[in-house]
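Undergrad: Residue numbering for the sequence shown is 469 to 981, as defined by my numbering.
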Amino acid sequence: MSLSYPELLDRVSKGNGRYSPQAGYVGGQLTRTNADFRPRNRSADAHVKSDDKLLKARSRWLGRNNPMCIGVKNTLVNNVIGTGIKTKAQVRDASGELLKDFNTQADDLYARWMGEADTRGRQHWYQMSRTNLHETIEAGNGFLVERQINDPGRLIPLAFELRESDQLDETRDRPAGDGVNEIRRGIEFDGRGRAVAYYFWTEHPGGVYTGRYESERIPAWQVIHLYRGERPSQTQGVSWFAPLVRNLWHLYDYMEYEIAAAKVASYFVYMHKRDDWGEGADDYFVDENGDAGPLDVDGNEMLPLGPGIGLTGGPNDSIEVIQSNRPNSQATAWITLLMQMMGNGVGLSLQRFTGDYSKTNFSSARAGDLQDRKGFVPMQHWHTWYVDLEVRRRVTQQLIGSGLLPVPNGGIARFNRNPFRWLQAVARPPGWGYVDPEKQIRAAKEAIAAGLGNFELFFADIGLDSVEVHKKLAEELKDMKADGLPVEQMLWGKIEQMAAEAQSAREEEEDEE
Numbered sequence: 469m470s471l472s473y474p475e476l477l478d479r480v481s482k483g484n485g486r487y488s489p490q491a492g493y494v495g496g497q498l499t500r501t502n503a504d505f506r507p508r509n510r511s512a513d514a515h516v517k518s519d520d521k522l523l524k525a526r527s528r529w530l531g532r533n534n535p536m537c538i539g540v541k542n543t544l545v546n547n548v549i550g551t552g553i554k555t556k557a558q559v560r561d562a563s564g565e566l567l568k569d570f571n572t573q574a575d576d577l578y579a580r581w582m583g584e585a586d587t588r589g590r591q592h593w594y595q596m597s598r599t600n601l602h603e604t605i606e607a608g609n610g611f612l613v614e615r616q617i618n619d620p621g622r623l624i625p626l627a628f629e630l631r632e633s634d635q636l637d638e639t640r641d642r643p644a645g646d647g648v649n650e651i652r653r654g655i656e657f658d659g660r661g662r663a664v665a666y667y668f669w670t671e672h673p674g675g676v677y678t679g680r681y682e683s684e685r686i687p688a689w690q691v692i693h694l695y696r697g698e699r700p701s702q703t704q705g706v707s708w709f710a711p712l713v714r715n716l717w718h719l720y721d722y723m724e725y726e727i728a729a730a731k732v733a734s735y736f737v738y739m740h741k742r743d744d745w746g747e748g749a750d751d752y753f754v755d756e757n758g759d760a761g762p763l764d765v766d767g768n769e770m771l772p773l774g775p776g777i778g779l780t781g782g783p784n785d786s787i788e789v790i791q792s793n794r795p796n797s798q799a800t801a802w803i804t805l806l807m808q809m810m811g812n813g814v815g816l817s818l819q820r821f822t823g824d825y826s827k828t829n830f831s832s833a834r835a836g837d838l839q840d841r842k843g844f845v846p847m848q849h850w851h852t853w854y855v856d857l858e859v860r861r862r863v864t865q866q867l868i869g870s871g872l873l874p875v876p877n878g879g880i881a882r883f884n885r886n887p888f889r890w891l892q893a894v895a896r897p898p899g900w901g902y903v904d905p906e907k908q909i910r911a912a913k914e915a916i917a918a919g920l921g922n923f924e925l926f927f928a929d930i931g932l933d934s935v936e937v938h939k940k941l942a943e944e945l946k947d948m949k950a951d952g953l954p955v956e957q958m959l960w961g962k963i964e965q966m967a968a969e970a971q972s973a974r975e976e977e978e979d980e981e
C-alpha cells in the first residue's frame, strides 16, 4: 500500500511519539508517549460523585495536618470575610432620600439578631459565616439551614444551622421518572434542574457515637447552599484543594523522608577505617561497659544507633569524619516551583501562599498584593450575594412581619405592596490597608477634590463605612469642644500643614522627573 508524503510523515511522527503537524489540536492527538493520558468526558456531577468521598477525606486530612492548607484556608477566609462582612439597610423614600431612622433601627435590630443566629447557641453570625466558608473551601460545599426557634427570650424565631456535605443522604438517590423528581447526591431537582429539596441526616454519619440516624427532607428554600460552580452541569462543589492534593502529599512525603535522612545522618560523627578485621573486630560491638551489643534475628551483633556515634578501630586505622549532606540544598528550586504551581491552583501569589516575604521588594510585594486582591474581590461579591445579603433579607422580612421593625406610613400593608423596596441593603466586605500610606492618602484626597471619587468609595477600599466614620468623628469633635480644646486650630492647622507637605512632595517629584 502506497502512502502519500503527509500520511507517511503522520505515521512516522506517531510511531516516534511526536505530535503530528497534521493534527488540528496537538493536545487532542493520541501518540505513544501520551497513550495513558485519556481522561473521560463526563458531567461535572459525575466526576464529583466518583471521586468526591476520597478527595474530601484527603482534603480534610490536609486541612487538619498540613500547615500550608491551614494557611491557605485562613488567608482566604481572612481576606474574604475578615472579622465579618457588614450589611447596612439602604431603604429610600420616593424621592430617593435615605430613610435614616428606619435604616438605623433596622441595623440595630440586625446587630442584636447576629448574637442569636446559631440554632445551637455556639457562635455569633460573623463566626458562623467564617466556619461556613472554611467548610466550603475544604469540602467544596457549605450549608446553612433555616430554622424557627419559638423561644420567648429570642428577638425573632429565625436562626440558622450549619451542616456539612457529609450529612447529605445519598441513599435517597433515584433517577427522574413519571411523577417523581430526580434525587442526585441527596438533592432533589425538578424537570428544569432547580433544587426542590435537600435530604440530610440529622446527625453526622461519622460522629463520635454511631447509631441509627434519621433522614429528613428539607425544602430548598430553607437551605442556603454555598459552593463555587465552574461548569453548567455542576450542582455541588468540590474541594478547593483538589488541584493541590497530589502535590501537597508528595511534598509532605518528601519533607518527612528528608527529615528522616537528616536524622539518621546526624547519628554518625566519624569512622575508623580498619586494615584488619581480626581479633579486634569484637571491640566494634561492645558498649561503654564492655558488654556485647544486642543480636539480630540471625545472631549477628547489631550496631546501636543514636546521636554522636563513633566507630572504633585498630592502631593502624584511619579516621574519616562523616559529612552529612542533609537537608538537600539542591531541592530549593523545584520546591519553589512546586509552591508556585500550588499557589496558582488556589489563586494566591507565591509570597502569600508561603507567607515568605524575605525575597520580595516593595514593587514585587505590591504587584502580588494587587493581583491577589483581584481574586479576593470577586469572592467577596460571591459571598455577599449568596449568603450575607440573603440572610439579611430573611431577617429583615421577619422583623417587619413581627412588628419589631414598623414600616412608616402604612405598616405591613405598605410592605406587602413592594417588599423589595423595604429589604434593600448593601454589604461592606473587609478592605485592605495601605501599601504606601502617604502616597495613597494623598492620591485619595486629590481624587475627591477633583470629583473623581468620594468618601464612601475611599473608606470602602480600606473596609470602613464612611457614615460611621463621619458620625464618630462628629461625636469626638463635639466632646473636644465641650472639654474646651481648640478644635478649629488643631484640626484646620493640621489640614493646612498636610496640604503644604503634599504640595512640597509633588514639587520634589516634578524636580526628580
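Glycine included, each C-beta is placed from N, C-alpha and C at the ideal position. Predicted model only: the values in this text are computed from it and were never measured.
#1: Roughly how many angstroms lie between the CA atoms of residue 711 and residue 810, to the nearest whole one?
#2: Under 7 Å from any heavy atom of the ligand MN, does the C-beta of residue 972 make it?
#3: Would you kindly report the start and end of the unbroken alpha helix (DSSP H) that includes residue 601?
#4: How close, in whole Å, do the beta carbons of residue 694 and residue 493 come, if the pair is a contact with beta carbons under 8 Å?
#5: Taking 8 Å as the cut-off, decide whether the C-beta atoms of residue 556 and residue 893 are in contact.
#6: Rounded to the nearest angstrom, what separates residue 868 and residue 593 at their Cα positions?
#7: Kindly indicate which three-state DSSP category residue 687 falls into: helix, strand or coil?
#8: So residue 651 and residue 642 are in contact, right, with Cβ under 8 Å, and what is the actual spacing, rounded?
#9: Whose CA, out of 619, 617, 601, 733, lies closest to the CA of residue 692?
#10: Which residues does DSSP list as the beta-bridge partners of residue 637?
#11: Counting pairs of Cβ atoms below 8 Å between the segment 572–589 and the segment 549–563, do you hit three or more?
#12: Which of the three DSSP states, helix, strand or coil, is assigned to residue 810?
#13: Starting from residue 709, trace the beta strand (DSSP E) in both directions and tell me its first and last residue.
#14: Based on Cα-Cα distance, which residue from 661, 657, 530 lies nearest to residue 607?
#15: According to DSSP, residue 669 sits in a beta bridge with which residue or residues?
#16: Locate the alpha helix (DSSP H) running through residue 882, then write down its first and last residues.
#17: DSSP three-state label for residue 521, please.
#18: Would you call the CB atoms of residue 814 and residue 526 closer than 8 Å?
#19: Assess contact between the segment 819–830 and the segment 842–854, defined as three or more Cβ pairs (one per stretch) separated by less than 8 Å. Is contact present?
#20: Looking at the unbroken beta strand (DSSP E) that takes in residue 651, where does it start and where does it end?
#21: Going by DSSP in three states, residue 752 sits in which element: helix, strand or coil?
#22: Run through DSSP, which three-state label would residue 914 get?
#23: Relative to the alpha-carbon of residue 703, which residue among 816, 949, 951, 514 has its alpha-carbon at the smallest distance?
#24: Residue 584 lies in the alpha helix (DSSP H); which residues open and close that run?
#25: So, for residue 647: in the same chain, excluding its five sequence neighbours on each side, which residues have a beta-carbon less than 8 Å away from its beta-carbon?
#26: Hey, quick one: how far does the alpha helix (DSSP H) through residue 943 stretch, first residue to last?
#27: Let me make sure I understand the geometry here. Which of 528, 547, 701, 864 has the alpha-carbon closest to that of residue 838?
#28: Using the C-alpha atoms, what's the distance from residue 539 back to residue 834?
#29: Could you have a look at residue 698 and say whether DSSP puts it in helix, strand or coil?
#30: With DSSP run on the structure shown, which of helix, strand or coil describes residue 893?
#31: Any idea what DSSP makes of residue 454, helix, strand or coil?
#32: Are the beta-carbon atoms of residue 624 and residue 851 separated by less than 8 Å?
#33: Would you list the one or two residues that DSSP bridges to residue 663?
#34: Just the C-alpha distance for residue 561 and residue 876, rounded to the nearest angstrom, thanks.
#35: Determine the DSSP secondary structure at residue 798, reduced to helix, strand or coil.
TA: In short:
#1: Straight-line Cα distance between these residues: approximately 7 Å.
#2: Inclusion of the ligand MN in the displayed structure is not the case, the ligand content being empty and no account of it being possible.
#3: Residues 593–607.
#4: Between the beta-carbon of residue 694 and that of residue 493 there is about 36 Å, and that puts the pair past the 8 Å contact cut.
#5: Cβ distance < 8 Å, so residue 556 and residue 893 count as in contact.
#6: Computed Cα separation, rounded: 20 Å.
#7: The answer is strand: DSSP assigns residue 687 an E or B state.
#8: Contact holds; Cβ gap of about 5 Å.
#9: When each option's Cα is compared against that of residue 692, the closest is 601.
#10: According to DSSP, which records beta bridges pairwise, residue 637 is partnered with nothing at all.
#11: The segment 549–563 and the segment 572–589 touch, with three or more beta-carbon pairs separated by less than 8 Å.
#12: Helix.
#13: Note, residue 709: premise wrong, no beta strand (DSSP E); not H, not E.
#14: By alpha-carbon distance to residue 607, the top candidate from 661, 657, 530 is 530.
#15: BP columns for residue 669 point to 683.
#16: Its alpha helix (DSSP H) spans residues 879–885.
#17: DSSP places residue 521 in helix when its eight states are reduced to three.
#18: Residue 814 places its beta carbon 8 Å or farther from that of residue 526.
#19: The segment 819–830 is not in contact with the segment 842–854.
#20: Run containing residue 651: 650–652, per the beta strand (DSSP E) assignment.
#21: Since pLDDT at residue 752 reaches only 49, below the 50 mark, its modelled position is unreliable, and the value read off the structure follows with that caveat. Looking at residue 752 - three-state DSSP - the assignment turns out to be helix.
#22: Three-state result, residue 914: helix.
#23: Minimum Cα distance to residue 703 is reached at 514.
#24: Where residue 584 is concerned, there is no enclosing alpha helix (DSSP H), given that its DSSP letter is neither H nor E.
#25: So the list is empty, once near-sequence residues are dropped.
#26: Where residue 943 is concerned, the enclosing alpha helix (DSSP H) stretches over 934–950.
#27: Among 528, 547, 701, 864, the Cα nearest to that of residue 838 is on 547.
#28: So the alpha carbons of these two residues sit roughly 20 Å apart.
#29: DSSP places residue 698 in coil when its eight states are reduced to three.
#30: Assignment of residue 893 by DSSP, reduced to helix, strand and coil, places it in the strand class.
#31: Here the chain covers residues 469 to 981 and nothing more, so residue 454 does not appear.
#32: No, these two residues do not count as a Cβ contact at 8 Å.
#33: Paired residues: 657.
#34: In a straight line, the C-alpha of residue 561 is about 10 Å away from that of residue 876.
#35: DSSP, read as helix, strand or coil, puts residue 798 in helix.
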